[in-house]
Amino acid sequence: MRPPVIFQTTPFFSSSGDRRLNTLAKHFLQTESENNRNMSTSPTSSHGDSVFAHLVLAPEDPILGVTLAYNKDPSPVKLNLGVGAYRTEEGKPLVLNVVRRVEQELVSNPLDYDVALSFCIICRARNKEYLPITGVADFNKLSAQLIFGADSPAIQESRVTTVQCLSGTGSLRVGGEFLAKHYHQRNIYLPKPTWGNHPKVFTLAGLTVQTYRYYAPATRGLDFQGLMEDLGAAPSGSVILLHACAHNPTGVDPTAEQWEEIRKLIRSKALLPFFDSAYQASFFTCN
97 MRPPVIFQTT PFFSSSGDRR LNTLAKHFLQ TESENNRNMS TSPTSSHGDS
147 VFAHLVLAPE DPILGVTLAY NKDPSPVKLN LGVGAYRTEE GKPLVLNVVR
197 RVEQELVSNP LDYDVALSFC IICRARNKEY LPITGVADFN KLSAQLIFGA
247 DSPAIQESRV TTVQCLSGTG SLRVGGEFLA KHYHQRNIYL PKPTWGNHPK
297 VFTLAGLTVQ TYRYYAPATR GLDFQGLMED LGAAPSGSVI LLHACAHNPT
347 GVDPTAEQWE EIRKLIRSKA LLPFFDSAYQ ASFFTCN
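Here it is, written out as structure tokens:
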């Protein structure tokens with residue numbers, strides 16, 4: 097069985113926790129169904145034994161469903177009674193004057209608002225409507241391509257599901273609660289040391305936190321032997337949190353060869369890798 101890989105990235109928006117978890121479960125099941133339909137045309141596909149194959153489709157969101165029906169309706173006199181939002185006489189999104197004024201003030205004072213300026217420039221060209229439950233589709237697509245590579249077999253075979261969440265802690269919490277509700281193992285192994293928020297986030301999500309050796313103070317490097325021993329002793333199916341790069345707080349990463357050994361161990365033990373990929377845009381040391 098090929099264990100799925102869950103990545104945590106740092107997007108910017110969130111919705112109701114339970115609703116997003118149910119949607120995530122639904123999309124996993126939809127992806128699995130698509131894979132089963134495409135089996136005959138993809139001889140390398142064999143994902144019917146996915147650990148998420150048991151998930152049941154969640155019902156569509158009743159409020160957002162009204163907007164979806166509205167968008168599909170060709171009637172020229174239709175009226176959207178779904179999500180409450182201001183509209184112009186033409187039915188277009190109405191941006192309040194105070195919002196436009198603040199945006200202009202930020203643009204006019206780049207020295208005082210350099211960070212806000214970058215954010216504002218993006219916002220001025222962006223749709224200010226409510227996002228879909230799973231986030232901005234283009235953002236999700238490009239994020240997956242950044243993590244896996246556009247030519248990744250996982251993407252080509254529709255085995256990747258991406259959900260936009262609220263930055264680091266939000267993404268970790270959604271992923272943790274999803275596993276607590278829909279995965280058969282409750283143990284998650286964190287490197288020792290790890291980012292200070294990891295233990296509390298996963299504990300509150302309903303998982304049982306364990307640790308594995310990672311940093312060797314004597315050598316100021318990776319305790320690779322200890323890491324492999326601890327992961328090798330973890331119960332089959334355990335969730336293993338891995339920092340994709342620039343390990344927080346040590347900055348020590350496995351080499352490419354060590355990553356390959358970790359991959360083989362995870363595969364042989366049927367462990368579930370959970371990657372916290374927070375710094376891929378800033379650092380990639382691999383040593």
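Following this note's numbering, the numbering of the sequence shown begins with 97 at its first residue and continues without gaps.
Where is the CB? At the ideal position from N, CA and C, for every residue including glycine.
All figures in this text were calculated on a predicted structure; none of them were measured in a lab.
**Study point:** Sufficient close CB pairs (3 or more, under 8 Å) joining the segment 270 to 290 to the segment 247 to 258
**Key:** no
Practice item. Compute the distance between the beta-carbons of Gln376 and Ala340, then report whether it is under 8 Å. Key: yes
Exercise for review: Give the straight-line distance between the Cα atoms of Ser299 and Leu275, rounded to the nearest whole angstrom.
Suggested key: For the sequence presented, residue 299 should be read as Thr rather than Ser. Going from the Cα of Thr299 to the Cα of Leu275 covers about 12 Å.
Check your understanding: According to DSSP, what are the bridge partners of Lys360?
Key -> Partner(s): none; Lys360 has no beta bridge.
**Study point:** Paired residues, beta bridge with Asn283 - DSSP
**Key:** Thr304
Check your understanding: If you follow the alpha helix (DSSP H) that Pro369 is part of, which residue opens it and which one closes it?
Key -> Counting along the chain, Pro369 falls outside any alpha helix (DSSP H), though it belongs to the beta strand (DSSP E) covering Leu368 to Asp372.
Point to revise | Contact check, Thr93 vs Val305, beta carbons under 8 Å | key: Since the first and last residues shown for the chain are 97 and 383, residue 93 lies out of range.
Check your understanding: CB-CB under 8 Å to Leu286, same chain, minus the five flanking residues each way: which ones, in chain order?
Key -> Closer than 8 Å at the Cβ level, and outside the excluded window around Leu286, lie His294, Pro295, Phe298, Val305, Gln306, Thr307, Tyr308 and Leu337.
Check your understanding: Applying the criterion that 16 or more other CB atoms from any shown protein chain within 10 Å of the CB defines a buried residue, is Ser171 buried or exposed?
Key -> That one is exposed.
Check your understanding: Which ranges does the alpha helix (DSSP H) cover as unbroken runs of at least 4 residues, wholly within the segment 227 to 305, from first to last along the chain?
Key -> 233 to 244, 249 to 252, 263 to 278 and 294 to 300
Check your understanding: Looking at C-alpha atoms only, which residue of Ala149, Leu160 and Trp291 is the closest neighbour of Ala342?
Key -> Trp291
**Study point:** alpha helix (DSSP H) runs wholly inside the segment 318 to 362, at least 4 long, in chain order
**Key:** Complete alpha helix (DSSP H) runs here, min 4: 320 to 329.
Point to revise | Member of Val259, Ser204 and Val179 whose CA lies at the smallest distance from the CA of Tyr226 | key: Val179
Review point. Closest to Gly272 by CA distance: which of Leu192, Glu199, Phe371 and Ile159 is it?
Key: Phe371
**Study point:** Proximity test, Met324 beta-carbon vs the ligand SAH heavy atom, cut-off 7 Å
**Key:** The ligand SAH is not among the ligands present in this structure, which contains no ligands whatsoever.
**Study point:** Short Cβ contact (8 Å threshold) for Gly328 with Ala366
**Key:** no
Check your understanding: If we ignore side chains and look at the alpha-carbon of each, how far apart do Val259 and Leu268 end up?
Key -> 12 Å
Review point. From Ser138 to Arg363, what distance separates their C-alpha atoms?
Key: Confidence in Ser138 is poor, its pLDDT being 31 and thus under 50, which makes the residue's placement unreliable; the coordinate value appears in the next sentence. Cα-Cα distance, rounded: 22 Å.
Exercise for review: Evaluate Ala374 with the Cβ neighbour count: other Cβ atoms within 10 Å of its Cβ, from every protein chain shown; 16 or more gives buried, anything less gives exposed.
Suggested key: buried
Check your understanding: By DSSP, does Ala165 sit in helix, in strand, or in coil?
Key -> helix
Review point. With C-beta atoms as the reference, is Glu357 less than 8 Å away from Met324?
Key: yes
Check your understanding: Per DSSP, Pro189 is paired with what?
Key -> Arg183
Point to revise | Where Leu368 falls, given that 16 or more other Cβ within 10 Å makes a residue buried | key: buried
Review point. Under a three-way DSSP split, which group does Arg197 fall into?
Key: helix
**Study point:** Alpha carbon of Glu185 to alpha carbon of Lys277, nearest angstrom
**Key:** 45 Å
Exercise for review: Look at the alpha carbon of Glu199 and the alpha carbon of Gly322, and state the distance between them as a whole number of angstroms.
Suggested key: If you draw a straight line from the Cα of Glu199 to the Cα of Gly322, it comes to about 52 Å.
Exercise for review: Could you work out which residue in Ala181, Gly347 and Gly302 is closest to Tyr311 when comparing CA atoms only?
Suggested key: Gly347
Exercise for review: Have a look at Pro313 and Lys360 and give me their C-alpha separation to the nearest angstrom.
Suggested key: Pro313 and Lys360 have their C-alpha atoms roughly 26 Å apart.
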